[in-house]
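In the working numbering, the protein residues as written are 4 to 233.
For every residue, glycine included, the Cβ atom is placed at its ideal position computed from N, Cα and C.
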């Protein structure tokens, strides 16, 4: 039986305001529900640009869409209002950025950062302190981190621990699509395997679909169901 396409990119072209030519030229691909799709490409090919488009953040990076569609369950993400994005971003589609440090305010502990995120959800913003703490500890358990990590600042953690914390932050609202932007870059091979193993566990538990961004052909082959070349 044919799988349902959860996200479809059709004939997408994107240009940065400072550039004369498009960075993304007529790109098309689809992500099937429940799969891990790898978007591969060399540095500068536009992988991150595709992420900003999917996350509705092109304006923040001074980029414009020159044409095409990004359809998430029939909704064109390129034409969503900010009000609509508040219902989609982090809840339906979440991102683990390339550098795990980019997920965190350096003067906030991991727990405070997660606690701030509760404000973005109509249900969790009404939770009691005890309910929030229980959910934070549950998230730590899900990514195999000690609860004491919640009391740490980002710079006090190893790269692998920061990456796991970033994953915990991204999955807190049970997104249907998790985007991993070079999620294991800079980690040694053993920690990389450990982090990817955790992601596979979470995918199975939460029935997520994953868009995996990478320049590594071998990693893409071993971790993903399919690859698309940019």
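Report task. Using 10 angstroms around the beta-carbon of residue 221, count the other beta-carbons present and answer buried if the total reaches 16, otherwise exposed. Result -> exposed
Query raised in the report: Can we say the segment 167-177 touches the segment 100-115, given the rule of at least three CB pairs closer than 8 Å?
Result: yes
Query raised in the report: For residue 45, which of helix, strand or coil comes out of DSSP?
Result: coil
Report task. Say whether the segment 73-90 touches the segment 139-153, bearing in mind that this needs 3 or more beta-carbon pairs closer than 8 Å, one atom from each stretch. Result -> no
Report task. Tell me, please, which residues DSSP counts as bridged to residue 232. Result -> 43
Query raised in the report: What first and last residue would you give for the alpha helix (DSSP H) that runs through residue 225?
Result: 220-226
Report task. Under the assumption that residue 173 contacts residue 97 (Cβ atoms under 8 Å), give the Cβ distance between them as a whole number of angstroms. Result -> 4 Å
Query raised in the report: Buried or exposed: residue 178, going by 16 or more other Cβ atoms within 10 Å of its Cβ?
Result: buried
Report task. Measure the alpha-carbon distance for residue 194 versus residue 136 and round it to whole angstroms. Result -> 27 Å
Requested in this report: Check residue 152 in the structure and name its three-state DSSP category.
Outcome: helix
Query raised in the report: Between the C-alpha atoms of residue 18 and residue 7, what's the straight-line distance to the nearest angstrom?
Result: 30 Å
**Report entry** Inter-residue CB distance, residue 99 and residue 22 (contact presumed, cutoff 8 Å)
**Finding:** Not quite, the Cβ-Cβ distance comes to about 27 Å (not below 8 Å), so this is no contact.
Query raised in the report: Could you check where the alpha helix (DSSP H) with residue 53 kicks off and where it finishes?
Result: 50-57
Query raised in the report: Do you know whose CA, among 65, 127, 122 and 57, lies nearest residue 76's CA?
Result: 57
Query - Local conformation of residue 16 per DSSP, three classes - result: strand
Query raised in the report: So who's on the other strand from residue 96, going by DSSP bridges?
Result: 92 and 180
Query raised in the report: Looking at the structure shown, is residue 124 part of a helix, part of a strand, or coil, going by DSSP?
Result: coil
**Report entry** For residue 2, three-class secondary structure by DSSP
**Finding:** For the chain, the structure presents residues 4 to 233; residue 2 sits outside this window and is missing.
Report task. Pull up the distance between the alpha-carbon of residue 42 and that of residue 225, whole angstroms please. Result -> 14 Å
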